[in-house]
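Counting along the sequence shown from 1, when you hit position 229 you're at 229 in full-length UniProt numbering, and nothing is skipped either side.
Glycine included, each C-beta is placed from N, C-alpha and C at the ideal position.
It should be emphasised that the depicted structure is a prediction, and the values quoted were computed from it without experimental measurement.
Note sheet for the following structure.
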Amino acid sequence: MYDEVKYLIAGDRALVVEFGDKIEEQVNSKIRSLTVAIAQEGIIGINETIPTYRSLMVIYDPIIMELDELISVLKSIILKMHELKLPDAKVIEIPTLYGGEYGPDIEFVAKHNKISIDEVIKIHTDREYLIYMIGFTPGFPYLGGMSDKIEAPRLQNPRTKIPVGSVGIAGKQTGIYPVESPGGWQLVGRTPVKLYDPCRDEPVLLNAGDYIKFRSIDENEYKIIEDLEREGKYKAIIRDKLRR
1 MYDEVKYLIA GDRALVVEFG DKIEEQVNSK IRSLTVAIAQ EGIIGINETI
51 PTYRSLMVIY DPIIMELDEL ISVLKSIILK MHELKLPDAK VIEIPTLYGG
101 EYGPDIEFVA KHNKISIDEV IKIHTDREYL IYMIGFTPGF PYLGGMSDKI
151 EAPRLQNPRT KIPVGSVGIA GKQTGIYPVE SPGGWQLVGR TPVKLYDPCR
201 DEPVLLNAGD YIKFRSIDEN EYKIIEDLER EGKYKAIIRD KLRR
């Protein structure tokens, strides 16, 4: 994490507030705190905030607020952020069917790391993953904390169509495709849970600052959950994150 926050101009209506140059929870915690603090202040002239791994982009109206004033306001907020209590994090369970047609690349991931497919599944499901940010497509979670023991390179030739709910690995990252889209990640499984549904009151299931916990399921349970989702009856399993 930087000793001093960096303020980077991004056009005439945006400012990037950067806290560090590495992907780590301490940096991301600062970003989440600033996001919440700005929302609580209700500052006239700030239109939107966009959190990322290492920074927060602040979209503002230069007619209402000049750049120097914006930076001054943000510095003042950051000085008081230690007084802020972040909302309690949630852990969302993601039931996942690994391997076979649902995870066609899991064998490659296993061979690449010289372990068995069962070990890939065990390692992938043994921890909670922080959701650093949402991006790429609606509801796509960028996660941190995956074990180096199952890392794998991206595909040399990306697929033009990835099925909804596919769980992938790329480098040291893991993620879930909420909508059908092109992609180059190694697919190890698929979840029947809808991460994005435009018909819901809250279309996106996951939020930055919460956590994901994968759970391995069989094809029978997959079909049951899939049917419940189709009928609009599935309730995601969500619990409070235990504080350390």
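Counting only the Cα atoms, Y129 lies some 21 angstroms from L34. Counting only residues of its own chain and dropping the five nearest sequence neighbours on each side, I217 has a CB closer than 6 angstroms to the CB of P95, L97.
In the DSSP assignment, E25 falls outside any beta strand (DSSP E) and within the unbroken alpha helix (DSSP H) covering 25–41. Annotation for F19: no alpha helix (DSSP H) segment contains it, and DSSP assigns it neither H nor E. Considered as a whole, the region 55–142 harbours 55–60, 90–98, 128–134 as its complete beta strand (DSSP E) runs of no fewer than 3 residues, in chain order. Non-local beta-carbon contacts of K194 in its own chain, meaning distances under 6 angstroms to residues more than five positions away in sequence, involve E229 in chain order. R215: member of the beta strand (DSSP E) spanning 211–216, first to last residue. Annotation: the continuous alpha helix (DSSP H) that includes D227 extends over 219–230. For Y7, the enclosing beta strand (DSSP E) begins and ends at 6–9. In this model, G100 and G232 are separated by some 27 angstroms (Cα to Cα). Beyond the five residues adjoining it in sequence on each side, I77 comes within less than 8 angstroms, by CB distance, of L34, A37, I38, E41 in the same chain, given in chain order. Counting only residues of its own chain and dropping the five nearest sequence neighbours on each side, G103 has a CB closer than 6 angstroms to the CB of L187, V188, G189. When DSSP states are grouped into helix, strand and coil, I150 belongs to the helix group.
Under the three-state reduction of DSSP output, G168 falls in the strand class. Around the beta carbon of T160, a 10 Å sphere encloses fewer than 16 other beta carbons of the protein chains shown; the residue is thus reported as exposed.
Going by DSSP, N207 is part of no beta strand (DSSP E) at all; its letter is neither H nor E.
Taking the Cα positions, V120 is about 25 angstroms away from K90. With fewer than 16 other Cβ atoms from the protein chains shown falling within 10 Å of its own Cβ, I238 counts as exposed.
Remark: C-beta atoms of L15 and Y7 approach each other more closely than 8 angstroms. With respect to A208, I134 sits close: the two C-beta atoms are nearer than 8 angstroms. By the neighbour-count definition (other C-beta atoms within 10 Å, threshold 16), H82 is an exposed residue. Apart from sequence neighbours up to five positions away, the residues of its chain that approach R127 with a beta-carbon distance below 7 angstroms are G145, ordered along the chain.
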